[in-house]
Amino acid sequence: MVLLPTWMILAIPLLSFIINGLFVRRFSGHLAAKIGTIAIGFNFLFSLALAYYFFQSGELSTLEWHTEWLRFQSNLIIHIGVMIDPLSAMMLVVVNTISFFVHIYSLGYMHDDEGVGRFFSYLSLFTFSMLGLVVAPNLFQMYVFWELVGVSSFLLIGFYYTKPSAVSAAKKAFIVTRFADLGFLIGILLLGYLGLSVNQGQISSVYSPLDFLFLNNPDVGLQLASSGLLTTGLLLIFIGAAGKSALFPLHIWLPDAMEGPTPVSALIHAATMVVAGVYLVARLFPLFNLAPVALEVVSWVGLFTSLFAAVIACTQDDIKRVLAFSTLSQIGYMIFALGVASDLYPLGYTASLFHLFTHAFFKALLFLGAGSIIHAVHTNDVWQMGGLKKYMPITHITFLVAVLSISGIFPFSGFFSKDEILTAALESGHMTHYLVGLFVALLTSFYMGRIYFLTFWGQSRSHENASHHPHESTWVMTLPLVLLAILALSSGWLPFANYLWFAHKHDHHSLNMTVAFSGTLAAIIGLSSAWFLYSKNNFSKVQKIQTGMGQAYQIIKAKFYFDELYLFVTHKIVFNKIAGPIAWFDKKVVDGGVDLTGEMSQTFGQKLTLIQTGQVQNYIIWFIVGFITVLTLYYNTVL
Amino acid sequence: MNSHLLEWLIMSLFIFCVGIYGLLTRKSGVGLLISLELMINAGALNFISIHRFLYPAQVDAQVFVLFVIAIAAAEVLLALALFMLLIKKQQPVDITQLNHLKH
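From first to last, the protein sequence lines are chains C and F. Residue numbering for the first sequence follows the numbering used here, starting at 1 and increasing by one per position. Residue numbering for the second sequence follows the numbering used here, starting at 1 and increasing by one per position.
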């Protein structure tokens, strides 16, 4: 193994952020954009080299570089550093690749924006935080970067800060994820406490209780499980994961987060930040494996999210919102794949991370393609698009590749990963998961087909002047599309199971014919029904179905009124019933008490100044009275 | 106790009380000084009578009295200098008006 200075992978984007954010963007936003892109390009090459050397060596041993950060006790030391194992090496490649392509794309997309320097500084900050999260060797560092990711996501969603909807979306995303992180923090404390009590028995003197290498040690895991609190701790940590990954019922922030610039949606809300939850569960999977109840919860939450979001996605009109719900659905897929895995049937673990890997490419491609379309037609509404096939050939072809990939059509990457997830569900005996998964696959191909046909086929329904034709984007925007399309085509062929597995290495998964056949059938049914309904410019059939569904359609379209429910709970119940009285108590009792002491001493002081008259003879009286008093006391006590 | 000493002490106490009375009632600064001088001299008289009747062999009291007289003279000098300044500025030496330090 060539010794690479692995910490460089964090230092490069951090430096880029500091240089761009503090200095360069003041005088030239475009220079900042170039510096940021070159820095990430270097990081991209670096991570590829790192992954190449790492997987090339064949040993797949964990490398760790760390330094002491906080020392509480001799067996409770927090390290900060970089840990490279198969999981983080894979994530490094994904994050850096997507980030690099998004940087290139943004050179074109954000070219005319005033805040281009600010945008690229934020992108560097986000990349730094995400990479720090990925390589974290312990839960504590992960938590720090986890919050940094939340902050940079907040900044990027609220990038158009003059737009009220963007500001409120940014706040919503931050508050919802922050709320979930409370669970994460308590979980960390609980696990750290348990780990410390286990470590009293001197299992390991090298690691502190929050290190992954310590927690994932089988002996430690068994001792933690015997304490009985492991399930609680893991469920608390899963709340944090669910917040970042926007799992039901904390999913509400992700659709609104689409207010940010489209490259941001591609980077953060498709490929990197939202899979942090999946990454976290995968990171702690040896522990989850020992807590079957927690794993059961994980699988059901994932399954429900994937179904719930897929149903909503079929009714949305905003192209980015459809993609957002599609992301929710696919994340749910990954999570339930983790949930059905165990040391007996470890395929789900590999399948989940494989899907994370392929999904990153085709979903980033979908978002960037959508950005290219929005750039051309100046609207997000699919009903105002149509007929873009002949104006935007490159966007069309690459988008089609992504649609086929996410639908799970054979040679494209989504087929392999989705097939592996369904096989994992079937083989581990989770029949419900398998069937619902198949149905979600059908819905996925339906709604992806829907936006594809509505956007590219039929006639233009644009409200803009008919003589103004949309045109293809510049090469800086289409180049990442083409590269991502190549990746979306090819990444499925990677022998992923040779690199990343849990418990024991299994042979590269051979296709289970039943699953492959039914999965493909579901995809074809979905796509062809979308073609049947949406490819012509005649939507009477769609109207008929919508009216036929009646009230149910409205409820789904309103996203099951979850936003309204949360608003009701927060405004009517939390604000009025809880926050209001607390605010009253704070103002009247706490502040009042502080004010009272202040006022009392002031009044007392004012009264005290009356003694000082300025009349010498008054002072003489005081002096004499005092002298006599002291003398009397002295006489009575001492003598 | 020697009856003569008691008489001297009563005498000194009387002078002291006269001094206090003057200190408390006089409005004029010079009157105040005179009262103060009475009180100081009552103290000095105390010293010297105790020396005379109880410890005639020791000279401590005489030294003390000399000091008291010297310090009282310096004090009077300072106060009179202040009063002279006030008189030069055509202001009465009325201690009820002299309350500038209050503010």
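Positions of the beta carbon are idealized from the N, C-alpha and C atoms, including for glycine. Note that this is a predicted model, so its numbers are computed, not measured.
Alpha-carbon spacing of Val382/C relative to Leu567/C, whole angstroms: Sequence index remark: in the first sequence, residue 382/C carries index 382 (1-based). Sequence index remark: in the first sequence, residue 567/C carries index 567 (1-based). Approximately 28 Å between the Cα atoms of the pair.
Ile20/F at chain C interface by Cβ criterion, 8 Å: To locate residue 20/F, count along the second sequence from 1; it is residue 20. By this cut-off, Ile20/F is an interface position.
DSSP three-state assignment for Gln73/C, whether helix, strand or coil: Here residue 73/C is taken as the residue at index 73 of the first sequence, counted from 1. Judged by DSSP in its simplified three-state form, Gln73/C adopts strand.
DSSP-derived helix/strand/coil call for Thr67/C: Residue numbering aside, residue 67/C sits at position 67 when the first sequence is read from its first letter. Collapsing the DSSP output to three states places Thr67/C in a strand.
Inter-stretch contact (C-beta, 8 Å, three-pair minimum) for the region 188–199 of chain C and the region 226–240 of chain C: Here the region 188–199 of chain C lies against the region 226–240 of chain C, with 3 or more beta-carbon pairs under 8 Å apart.
Asn99/F at chain C interface by Cβ criterion, 8 Å: The residue you call residue 99/F lines up with position 99 of the second sequence. Yes, its Cβ sits closer than 8 Å to a Cβ of chain C.
Own chain residues within Cβ distance below 8 Å of Ile15/F, not counting five before or after: Within the second sequence, residue 15/F is the residue found at index 15, counting from 1. By the criterion of a C-beta distance shorter than 8 Å, Ile15/F is surrounded in its chain by Leu38, Met39, Asn41, Ala42, Leu45, once the five residues flanking it on both sides are discounted.
DSSP three-state assignment for Lys88/F, whether helix, strand or coil: The residue given as residue 88/F occupies position 88 in the second sequence. Correct three-state label for Lys88/F: helix.
Interface positions of the region 603–624 of chain C facing chain F (Cβ-Cβ less than 8 Å), listed along the chain: Gln612, Thr613, Gly614, Gln615, Val616, Gln617, Ile620, Ile621, Ile624: these are the residues of the region 603–624 of chain C whose beta carbon lies less than 8 Å from some beta carbon of chain F, given in chain order.
First through last residue of the alpha helix (DSSP H) which encompasses Phe496/C: In the first sequence, counting from the first residue as 1, residue 496/C sits at position 496. Premise fails: Phe496/C is in no alpha helix (DSSP H) and is neither H nor E.
Contacting positions in the region 27–45 of chain F - beta carbon closer than 7 Å to chain C: Only those residues of the region 27–45 of chain F whose C-beta falls short of 7 Å from the nearest C-beta of chain C would be listed, and there are none.
CB-CB length for Pro660/C against Leu76/C, believed under 8 Å: A question about residue 660/C goes unanswered here, because the residues of chain C that appear run from 1 up to 639.
Within chain C, partners of Lys102/F - CB distance below 8 Å: Residue numbering aside, residue 102/F sits at position 102 when the second sequence is read from its first letter. Within chain C, the residues near Lys102/F are Gln612, Thr613, Gly614.
Cβ neighbour criterion (16 or more within 10 Å) applied to Ser28/F: Position 28 of the second sequence, counted from the start, is the residue given in the question as residue 28/F. Flag for Ser28/F reads exposed.
Any alpha helix (DSSP H) of 4 or more consecutive residues that is wholly inside the region 561–601 of chain C: As far as the region 561–601 of chain C is concerned, its whole alpha helix (DSSP H) runs of at least 4 residues are 562–567, 580–585.
Which residues DSSP lists as bridging His79/C, in chain order: Taking the first sequence and counting its residues from 1, the one referred to as residue 79/C is at position 79. According to DSSP, His79/C bridges with Glu68/C.
Pair within 8 Å by beta-carbon distance, Leu50/C and Ala89/C: Here the question's residue 50/C lines up with position 50 in the first sequence. Here the question's residue 89/C lines up with position 89 in the first sequence. Against a cut-off of 8 Å, the Cβ pair of Ala89/C and Leu50/C comes out as a contact.
8 Å Cβ shell around Ser245/C - same chain, five flanking residues per side excluded: Within the first sequence, the letter at position 245 stands for residue 245/C. Within the same chain, Cβ atoms closer than 8 Å to the Cβ of Ser245/C are found at Val274, Val275, Ala276, Gly277, Val278, Ile331, Ile335, the five residues on either side in sequence being excluded.
Ile15/F at chain C interface by Cβ criterion, 8 Å: Within the second sequence, residue 15/F is the residue found at index 15, counting from 1. Among the residues facing chain C, Ile15/F is not included, as its CB has no counterpart in that chain under 8 Å away.
Supposed close pair Ile40/C, His111/C - CB separation, criterion 8 Å: Counting from 1 along the first sequence, the entry for residue 40/C is found at position 40. Counting from 1 along the first sequence, the entry for residue 111/C is found at position 111. Actually they are not in contact, since the Cβ atoms of Ile40/C and His111/C sit about 17 Å apart, beyond 8 Å.
Strand pairing of Asp112/C, partner residues [DSSP]: Here residue 112/C corresponds to residue number 112 of the first sequence, with the count starting at 1. DSSP output for Asp112/C lists no bridge partner at all.
Test: Leu24/F CB closer than 8 Å to a CB of chain C: Along the second sequence, read from residue 1 onward, the residue named residue 24/F stands at position 24. Contact with chain C is found for Leu24/F, since one of that chain's Cβ atoms lies less than 8 Å from the residue's Cβ.
6 Å CB neighbourhood of Lys390/C in its chain, flanking five on each side removed: For the purposes of this step, residue 390/C is taken as residue 390 along the first sequence, with counting starting at 1. There are no such residues.
Contacts of Ile95/F in chain C (Cβ-Cβ under 9 Å): Indexing the second sequence from 1 puts residue 95/F at position 95. Neighbours of Ile95/F on chain C, chain order: Gln615, Val616, Gln617.
Backbone CA spacing between Gln58/F and Gln612/C [nearest angstrom]: Your numbering for residue 58/F matches position 58 in the second sequence. Your numbering for residue 612/C matches position 612 in the first sequence. Distance between Gln58/F and Gln612/C, taken at the CA atoms: about 45 Å.
Whether Ser417/C touches Ala351/C by CB criterion (8 Å): To locate residue 417/C, count along the first sequence from 1; it is residue 417. To locate residue 351/C, count along the first sequence from 1; it is residue 351. Yes, the pair counts as a contact, with Cβ atoms nearer than the cut-off.
Simplified DSSP state of Asn99/F, which is helix, strand or coil: Numbered from its first residue, the second sequence carries residue 99/F at position 99. In the structure shown, Asn99/F sits in coil (DSSP, three-state: anything other than H, G, I, E or B).
Through-space distance from Thr444/C to Met1/C, alpha-carbon basis: As a position in the first sequence, residue 1/C is number 1, starting the count at 1. As a position in the first sequence, residue 444/C is number 444, starting the count at 1. Per-residue confidence for Met1/C stands at a pLDDT of 42, beneath the threshold of 50, marking its modelled position as unreliable; the derived number appears in the next sentence. The alpha-carbon of Met1/C is positioned some 42 Å away from that of Thr444/C.
Gly414/C versus Arg178/C: straight-line alpha-carbon distance, rounded: For the purposes of this step, residue 414/C is taken as residue 414 along the first sequence, with counting starting at 1. For the purposes of this step, residue 178/C is taken as residue 178 along the first sequence, with counting starting at 1. Straight through space, the alpha carbons of Arg178/C and Gly414/C are spaced by roughly 32 Å.
First and last residue of the uninterrupted alpha helix (DSSP H) at Phe415/C: Here residue 415/C refers to the residue found at position 415 when the first sequence is read from its first residue. From DSSP, the alpha helix (DSSP H) with Phe415/C extends over 413–427.
Helix, strand or coil at Asn138/C according to DSSP, with G and I counted as helix: Residue 138/C sits at position 138 when you count from the first residue of the first sequence. In the structure shown, Asn138/C adopts extended strand secondary structure according to DSSP, grouped into three states.
Asp343/C - DSSP class collapsed to helix/strand/coil: What you label residue 343/C is simply residue 343 of the first sequence in a count that begins at 1. Of the three classes helix, strand and coil, the one that applies to Asp343/C here is coil, per DSSP.
Three CB pairs or more closer than 8 Å across the region 361–375 of chain C and the region 434–443 of chain C: No: the two stretches stay apart, fewer than three of their Cβ pairs being nearer than 8 Å.
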